[in-house]
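Numbering (full-length UniProt numbering), first residue to last: 1 to 628.
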Amino acid sequence: MFASITGADKELLSCITRLPSFFWEGNWAEEIHLTICPIPSLQDGNDLTVTRDNTGCRIEYRLPVHLFRGLGLLKEHAEEKNFFINQKMYIPEIGIMTDVSRNSVPSPEFLQSLLDRMALMGLNCLILYMEDVYEIEGEPRFGYMRGGYTREQLRSIDDYAAGYGIRIVASIQVLGHMEKVLRFPEYAGLRDSSSCLLAGSEETEQFICKMLSSIGSCLRSRQIIVGMDETHGLGEGRYRVLNGRRPPIEIYLEHLNRVHALAGRYGLNIAFYSDMLFKYGSEKHTYLDPHMQLDEKTKELIPSDAQLIYWDYYSREASLLNDMLACHRSIGPTVYAGPLLSVSSFCVQYEATWKTAGPALMAVKRQKIPMVYGCLWHDDGAECSDWLGLPGMQYYAEHAYTEGVVDPGSLDSRFLACTGLDAGWFRDAALLDEIPCINPENRWPPNPCKYILWQDPLEGLYDADIRGLSLDLHYRRTAQLLRRDLEEAGENGAFLRVPLALAEVLEIKSALSGALSWHYREHDMTALQQDAAALSELYVRVKKLRRLHREQWMSSCSPFGWSRLDLRYGGLLARLETASDRLQDYLEGRLSELPELAVPRYTLDRCGDLLGNGIWKVYDKSVSLSDG
């Protein structure tokens with residue numbers, strides 16, 4: 001703790017003293033006499049000034065979150081006896097979105113740990129993407145057996161964040177992405193299609209009112225993100241039966257206006273994702289069309305105070321990003337949602353994140369976009385922990401407080417001060433996907449760690465893709481790095497156990513996938529004997545991975561959702577057992593052939609000598625072609 005603190009009220013002092021133990025390690029603060037001073041308007045438009053000299057330390061700040069960023073800067077420069085730092089925010093609202101609807105629901109305690117570190121970084125917004133994982137009074141089937149948050153839990157998260165000056169913003173769905181709700185018979189009346197609510201329905205509007213009322217009663221923020229993205233087939237289901245065929249943009253805009261009006265009843269201001277608006281208005285029927293033009297009549301139908309969210313996780317061209325932002329701004333107030341590429345993987349793919357987020361964050365600063373957030377999406381199982389997103393959070397924060405370009409490689413000391421962790425550990429974890437032979441032209445970040453893990457050992461769909469790439473050597477080296485990192489990190493390195501165990505699995509499985517079928521077709525019995533031994537060792541390593549992954553999940557998330565991954569691991573272990581038994585039977589003469597290994601292998605994800613040709617590699621498309 002500091003030798004003394006002057007200028008902090010009781011509430012602020014409690015938030016400072018609750019900062020996690022890593023912040024106080026080394027007793028660096030014990031000799032510091034700290035004065036904190038809120039100043040509504042600092043000189044030269046700055047938001048934060050941190051000074052240290054022989055009289056002590058002084059932090060002048062405009063908003064509470066600036067104070068906590070100042071504390072992070074003070075820790076970073078703790079060994080310096082004299083310094084002066086002033087900073088300005090170039091992105092007024094900078095935050096992170098975490099997807100709490102795709103299988104994993106982080107515990108309130110885990111979110112508090114993230115918020116501690118976000119505060120020291122200077123991030124001032126945490127968005128929770130919640131499709132059906134919040135409580136609605138009188139709707140027991142909403143979020144049934146999904147491990148969602150109670151209203152009391154949301155209020156506690158909001159209270160905790162508010163102490164740091166961080167807003168909690170709910171991101172819900174009021175049109176599409178509602179399949180988890182609409183699967184229940186009692187919600188049949190709300191259904192247009194399997195995933196879309198029935199627009200223009202009084203019953204739907206009453207249901208949306210319940211959603212808005214629940215969120216509005218839990219969170220301080222009056223901003224709410226209402227989704228409305230990816231509503232493909234809008235009006236083509238029950239809506240068409242009841243109302244006849246209508247242009248989907250008309251249905252969409254009518255619904256948008258009704259939601260806007262309903263939100264107003266609860267004092268809420270809406271933001272919505274813009275992709276469908278662009279697709280309806282584009283001559284190419286595509287989202288990324290900077291030449292899309294809405295006629296004036298259509299523009300007038302968009303509520304003037306509704307914010308358009310331009311989401312783009314893969315574009316790297318500065319000209320496209322600038323043009324898309326300008327096109328959005330010509331329609332209405334704009335928010336940008338960018339990448340922290342964790343989707344459909346066990347890790348955050350940082351090389352791809354820097355290549356996309358870097359030019360995007362420069363573009364939003366040039367165009368003075370007032371709100372930006374990086375997205376940790378967890379589609380297809382939520383296999384990646386949000387903890388692995390921390391370096392990306394730091395990157396977004398530094399961009400907000402830096403006018404120009406931010407080099408992600410220069411942030412290690414900031415990251416250590418704000419998290420107590422070594423950024424190099426996270427770069428090593430990213431090597432699970434960042435293999436040497438990635439196609440640089442691939443728009444979608446390849447996720448070899450996922451499809452190599454889950455693909456069938458006898459019917460491997462990606463066998464030909466990874467053959468000859470020596471990925472076993474890459475994963476052996478990755479495991480060595482992560483093992484060293486885990487030893488260095490000690491108790492702070494628990495998050496590295498799953499990446500390490502996965503690298504140890506992939507070392508064997510990548511070699512087997514690239515060889516087993518060929519050894520069989522070449523009748524190489526010696527090699528097949530070695531493959532049989534490798535299958536036995538692989539089984540042991542997968543069991544270890546499952547155990548460590550389960551421990552990580554249960555320590556940070558609701559237990560609901562783990563069942564999906566348990567089934568994946570159970571299926572993989574069963575198939576490894578079958579593969580081992582069948583191969584042994586073949587080697588010992590009890591089987592004359594193995595038809596699964598006789599099938600020729602063809603490439604799916606290879607472009608010359610490189611991996612990554614733009615296909616979306618999720619679990620169901622990786623594990624088997626057999627139809628259940």
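Think of the CB as a built atom: it goes at the ideal place given N, C-alpha and C, for glycine as much as any other residue. Just so you know, these numbers come straight off a predicted model, no measurement behind them.
Query: Simplified DSSP state of E203, which is helix, strand or coil; Result: helix
Query: Within 7 Å, strictly: CB atoms of Y134 and S101; Result: no
Query: Span of the beta strand (DSSP E) around G281; Result: Unbroken run through G281 is the alpha helix (DSSP H), D275 to G281; no beta strand (DSSP E).
Query: C-alpha gap between G45 and D412, whole angstroms; Result: 28 Å
Query: Range of the contiguous beta strand (DSSP E) that encloses T51; Result: L48 to D53
Query: 7 Å CB neighbourhood of T204 in its chain, flanking five on each side removed; Result: L190, L197 and L198
Query: For Y396, the nearest candidate out of G237, P290 and L120 (CA to CA); Result: L120
Query: For R483 and P499, the rounded distance between their alpha carbons; Result: 10 Å
Query: Delimiting residues of the beta strand (DSSP E) encompassing A500; Result: It is Leu, not Ala, that sits at residue 500 in the sequence shown. Taken as a continuous stretch (DSSP letters only), L500 belongs to no beta strand (DSSP E), being part of the alpha helix (DSSP H) at R497 to S513.
Query: E135 - DSSP class collapsed to helix/strand/coil; Result: coil
Query: Presumed contact (8 Å Cβ cut-off) between L301 and M228, rounded CB distance; Result: Not really, about 14 Å apart at Cβ, beyond 8 Å.
Query: The region 231–240 touching the region 285–292, judged by at least three CB pairs closer than 8 Å; Result: no
Query: Burial state of V405, where buried means 16 or more other Cβ atoms lie within 10 Å; Result: exposed
Query: Segments assigned alpha helix (DSSP H), at least 4 residues, entirely inside the region 374–435; Result: 390–400, 412–419 and 423–430
Query: Spatially closest choice to I96 from A170, G216 and G56, by CA coordinates; Result: A170
Query: DSSP bridge partner residues for P38 (one or two, in chain order); Result: Y61
Query: Beta-carbon separation (whole angstroms), E93 vs N124, contact threshold 8 Å; Result: 6 Å
Query: Supposed close pair N27, R52 - CB separation, criterion 8 Å; Result: So it is not a contact: roughly 17 Å between Cβ atoms.
Query: Whole-number beta carbon distance between N613 and N439, since they are thought to touch under 8 Å; Result: 7 Å
Query: Completely contained beta strand (DSSP E) runs for the region 211–260, where each covers 3 or more residues; Result: 223–225
Query: Three or more C-beta pairs below 8 Å linking the region 312–321 and the region 334–348; Result: yes
Query: Pick from L416, D379, L421 and E441 that is closest to K355, judged by C-alpha positions; Result: E441
Query: N-terminal and C-terminal residue of the beta strand (DSSP E) that N86 is part of; Result: F83 to Q87
Query: N- and C-terminal bounds of the beta strand (DSSP E) containing A338; Result: It is Gly, not Ala, that sits at residue 338 in the sequence shown. Element bounds for G338: T334 to P339.
Query: Beta carbon of K88 nearer than 7 Å to that of D47; Result: yes
Query: Alpha helix (DSSP H) segment containing residue 632, residue limits; Result: No answer is possible for residue 632: the residues shown for the chain start at 1 and end at 628.
Query: Beta-carbon proximity check, H474 vs I435, cutoff 7 Å; Result: yes
Query: Reduced DSSP secondary structure (H/G/I, E/B, other) of G95; Result: strand
Query: Neighbourhood of Q455 by C-beta, 7 Å cutoff - its chain only, sequence neighbours within 5 removed; Result: L461, Y462, S513, S622 and V623
Query: Given 8 Å, three or more beta-carbon pairs between the region 319–332 and the region 357–371; Result: yes
Query: I438 - containing beta strand (DSSP E), residue span; Result: Where I438 is concerned, there is no enclosing beta strand (DSSP E), given that its DSSP letter is neither H nor E.
Query: Continuous alpha helix (DSSP H) stretch holding L182: start and end; Result: E179 to L182
Query: Nearest neighbour of Q552, chosen from S214, E236 and F110 [CA to CA]; Result: F110
Query: For C607: DSSP bridge partner residues; Result: L610
Query: Span of the alpha helix (DSSP H) around C15; Result: K10 to T17
Query: For Q307, the first and last residue of its enclosing beta strand (DSSP E); Result: Q307 to W311
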